[in-house]
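The block underneath contains the structure these notes are about, expressed in structure tokens.
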Amino acid sequence: MRLVAAAASLVLALVAGACTSFYEVPIETPIQPKMDVSGFQRVLIAGFLAGGSEDVDANLETVRLLRSQLRSKSSLRVIDADVLPLLEIALDQQAVQDGAAGTNGNGSPAGDGAETASNGQGGGASADASTVRIRDEKDLEPLETIFANVAYWKKIGEEFQNPLIVTGSVLFIPHARSGFVQREQEYFDQLGRRRVVPVRTYMERKGFILRPKFVFIDGRTGATLYSETFREEILYSPQQATPALSSYFELMDRLVPSFLSTLSTQKIRGSRILLK
Amino acid sequence: MIRRLFAAVLLAGLVAVPAAADDARDRAKKYVEFGIAVAQKGLWREAIYRWEQATRVDPSYAAAYNNLAIGYEHEGEFEKAREAYEKALELDPQNQMVRQNYELFREINDRATRSRSR
Numbered sequence: 179m180r181l182v183a184a185a186a187s188l189v190l191a192l193v194a195g196a197c198t199s200f201y202e203v204p205i206e207t208p209i210q211p212k213m214d215v216s217g218f219q220r221v222l223i224a225g226f227l228a229g230g231s232e233d234v235d236a237n238l239e240t241v242r243l244l245r246s247q248l249r250s251k252s253s254l255r256v257i258d259a260d261v262l263p264l265l266e267i268a269l270d271q272q273a274v275q276d277g278a279a280g281t282n283g284n285g286s287p288a289g290d291g292a293e294t295a296s297n298g299q300g301g302g303a304s305a306d307a308s309t310v311r312i313r314d315e316k317d318l319e320p321l322e323t324i325f326a327n328v329a330y331w332k333k334i335g336e337e338f339q340n341p342l343i344v345t346g347s348v349l350f351i352p353h354a355r356s357g358f359v360q361r362e363q364e365y366f367d368q369l370g371r372r373r374v375v376p377v378r379t380y381m382e383r384k385g386f387i388l389r390p391k392f393v394f395i396d397g398r399t400g401a402t403l404y405s406e407t408f409r410e411e412i413l414y415s416p417q418q419a420t421p422a423l424s425s426y427f428e429l430m431d432r433l434v435p436s437f438l439s440t441l442s443t444q445k446i447r448g449s450r451i452l453l454k
Numbered sequence: 021m022i023r024r025l026f027a028a029v030l031l032a033g034l035v036a037v038p039a040a041a042d043d044a045r046d047r048a049k050k051y052v053e054f055g056i057a058v059a060q061k062g063l064w065r066e067a068i069y070r071w072e073q074a075t076r077v078d079p080s081y082a083a084a085y086n087n088l089a090i091g092y093e094h095e096g097e098f099e100k101a102r103e104a105y106e107k108a109l110e111l112d113p114q115n116q117m118v119r120q121n122y123e124l125f126r127e128i129n130d131r132a133t134r135s136r137s138r
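Protein sequences, first through last, are from chains H and R. Reading the first sequence from the start, the letters are residues 179 to 454 in the working numbering. Reading the second sequence from the start, the letters are residues 21 to 138 in the working numbering.
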């Protein structure tokens, strides 16, 4: 009885399928940008507060990468200007603020002789950006007040004829993690057939964490319009010797679509079924 | 005599109603087919116009609503797309192809809504 019912439903399904003609078509669904940039014709990727690994100049590389992406994937005209040494500028601004407030930092050096931004020289004396190391979010925090400096960004905006300014911070930090990792191991059974089994092994892996914060500033007013923070990490097995710059690009590659979707319409490719 | 006349009118009515429905479906099908042909050539606005006509001519035609939803989706008109998909599913709830289209649409729609509300 069941067999008959199954056969009947199969026949019905086949008949229904034969009656309905369908066509698979590719479609591109547009996703509107997160920000309304219709008031801007030009964009200035100004520079970033960069820290972490010394093997990669995260300020320069981020500016270069975002400029090239926006050139090809956005309708905004990208301004080709010198990259701002934002760390230096932020330290100067911090020193001026400290001086004005009459505070006097102790200037105690970090363990390896380099200074971290949070305990850098105060008392109005500007810390040397080449000796200051940004290691983590804590070091970065006091310098991020630069993004709220409306007068400074307005001045930059005037200099470049009021574009949309993109700035922010980029931390690219070496990272290690140890623990059990599941991987697949192949073996051949008694009959010579290839089998794959999951095995858990203890591994010490090294890699990087990329934590960029993108700040979008209105060049006409100097005010922040929008900001967004991302975090990506990558870990490699001890056998892999991946250069820091390759890891940086691999991680940025994951974030670039999200960055672009802030400023321009992105199209998602897919397919749908049209019915007759 | 009156009885015969009444029976004849009744019979004509019974035949005419399904015939009119068939006629509507046939006309709607022509719109749908033309819409498919132009959509395949990338003329989505024209396709949408045809599928809209099809739904007007035959409001019970699930395939026309499904296609219309896809057209709206392609144009980024998410609210209209959602309404059309839901209408298609209301008319033909067992249709797995419509359901699959709708699921894919919802994934993208959720993503777009998230990015706008961030």
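Every residue, glycine too, gets a C-beta built ideally from N, C-alpha and C. It should be emphasised that the depicted structure is a prediction, and the values quoted were computed from it without experimental measurement.
Helix, strand or coil at residue i [DSSP, three-state]
i, result
"Glu97(R)", "coil"
"Ala224(H)", "strand"
"Ser449(H)", "strand"
"Gly346(H)", "strand"
"Gly62(R)", "coil"
"Phe200(H)", "strand"
"Val274(H)", "helix"
"Arg245(H)", "helix"
"Met116(R)", "Checking the sequence, you will find Gln at residue 116(R) rather than Met. Three-state result, Gln116(R): helix."
"Arg255(H)", "strand"
"Gln299(H)", "Note on Gln299(H): pLDDT 39, under 50, position unreliable in the model; the coordinate value appears next. The answer is coil: DSSP assigns Gln299(H) none of H, G, I, E or B."
"Arg313(H)", "coil"
"Gly230(H)", "strand"
"Arg47(R)", "helix"
"Thr443(H)", "coil"
"Pro435(H)", "helix"
"Ser286(H)", "Confidence in Ser286(H) is poor, its pLDDT being 37 and thus under 50, which makes the residue's placement unreliable; the coordinate value appears in the next sentence. DSSP places Ser286(H) in coil when its eight states are reduced to three."
"Thr207(H)", "strand"
"Pro416(H)", "coil"
"Pro320(H)", "helix"
Residue nearest to residue i in terms of C-alpha spacing, selected from the options
i, options, result
"Phe98(R)", "Lys333(H), Val393(H), Pro208(H)", "Pro208(H)"
"Val434(H)", "Arg398(H), Phe392(H), Arg383(H)", "Phe392(H)"
"Leu438(H)", "Glu202(H), Ile223(H), Phe200(H), Ile205(H)", "Ile223(H)"
"Ala228(H)", "Glu319(H), Asp260(H), Gln271(H)", "Glu319(H)"
"Val241(H)", "Ser253(H), Phe200(H), Asp258(H)", "Asp258(H)"
"Leu403(H)", "Val344(H), Ile334(H), Leu413(H)", "Val344(H)"
"Phe226(H)", "Lys445(H), Thr379(H), Phe394(H)", "Phe394(H)"
"Arg220(H)", "Leu248(H), Phe200(H), Ser231(H)", "Leu248(H)"
"Glu406(H)", "Gln418(H), Tyr380(H), Ser436(H), Glu232(H)", "Ser436(H)"
"Gln363(H)", "Leu369(H), Val375(H), Pro352(H)", "Val375(H)"
"Val215(H)", "Pro416(H), Asp396(H), Asp431(H)", "Asp396(H)"
"Phe218(H)", "Arg371(H), Arg398(H), Gln275(H)", "Arg398(H)"
"Tyr414(H)", "Leu264(H), Leu369(H), Trp331(H), Val359(H)", "Val359(H)"
"Arg389(H)", "Phe427(H), Ile412(H), Arg372(H), Val348(H)", "Val348(H)"
"Tyr51(R)", "Gln116(R), Arg76(R), Val118(R), Ala41(R)", "Arg76(R)"
"Arg459(H)", "Ser425(H), Arg372(H), Lys333(H), Arg355(H)", "Past the boundaries of the shown model lies residue 459(H); chain H is included only from 179 to 454, so the question cannot be answered."
"Gly230(H)", "Pro416(H), Ser199(H), Leu265(H), Asp260(H)", "Leu265(H)"
"Phe325(H)", "Phe200(H), Asp260(H), Ala268(H)", "Ala268(H)"
"Pro113(R)", "Ala67(R), Ala82(R), Trp71(R)", "Ala82(R)"
"Arg432(H)", "Met213(H), Pro204(H), Ser199(H), Leu244(H)", "Leu244(H)"
"Gln116(R)", "Gln271(H), Thr309(H), Leu321(H), Phe200(H)", "Phe200(H)"
"Ala67(R)", "Ala89(R), Ala132(R), Ile128(R)", "Ala89(R)"
"Thr440(H)", "Ala419(H), Glu428(H), Tyr426(H), Phe408(H)", "Phe408(H)"
"Gln275(H)", "Glu315(H), Leu254(H), Asp317(H), Asn327(H)", "Asn327(H)"
"Met381(H)", "Ala329(H), Gln418(H), Asn340(H), Pro341(H)", "Gln418(H)"
"Gly385(H)", "Ala273(H), Asn237(H), Lys333(H), Glu428(H)", "Glu428(H)"
Nonlocal neighbours in the same chain, by C-beta distance under 8 Å from residue i, ignoring five residues either side
i, result
"Lys251(H)", "Leu438, Ser442"
"Arg373(H)", "Glu364, Tyr365, Phe366, Asp367"
Near the ligand GDP: residue i beta-carbon under 8 Å from a heavy atom
i, result
"Lys49(R)", "Ligands are entirely absent from the displayed structure, and the ligand GDP is therefore not among its contents."
7 Å CB neighbourhood of residue i in its chain, flanking five on each side removed
i, result
"Glu202(H)", "Ser449, Ile451"
"Lys107(R)", "Tyr85"
"Glu93(R)", "Ala101, Phe125"
Same chain only: Cβ atoms within 6 Å of residue i, ignoring 5 sequence neighbours per side
i, result
"Leu262(H)", "Ala224, Gly225"
"Ala422(H)", "Ser231, Asp233, Val234"
"Gly346(H)", "Phe226, Lys391, Phe392, Val393"
"Glu322(H)", "none"
"Ala44(R)", "Val77, Asp78"
inquiry  = Which complete alpha helix (DSSP H) runs does the region 354-414 of chain H hold, if anything under 4 residues is left out?
reply    = none
For the region 421-452 of chain H, enumerate the residues whose C-beta is nearer than 7 Å to any C-beta of chain R, in chain order. Ser439, Ile446, Gly448, Arg450, Ile451, Leu452
*asked:* Any C-beta of chain R within less than 8 Å: which residues of the region 194-221 of chain H qualify?
replied: Thr198, Phe200, Tyr201, Val203, Ile205, Glu206, Thr207, Pro208, Ile209, Gln210, Lys212
*asked:* Tell me which residues of the region 52-82 of chain R have at least one Cβ-Cβ distance to chain H shorter than 7 Å, keeping chain order.
replied: Val52, Glu53, Ile56, Ala59, Gln60
Checklist line | Residues within the region 322-334 of chain H neighbouring chain R, beta-carbon criterion of under 8 Å | finding: none
### Query
the region 242-266 of chain H: which residues have C-beta closer than 9 Å to a C-beta of chain R, in chain order?
none
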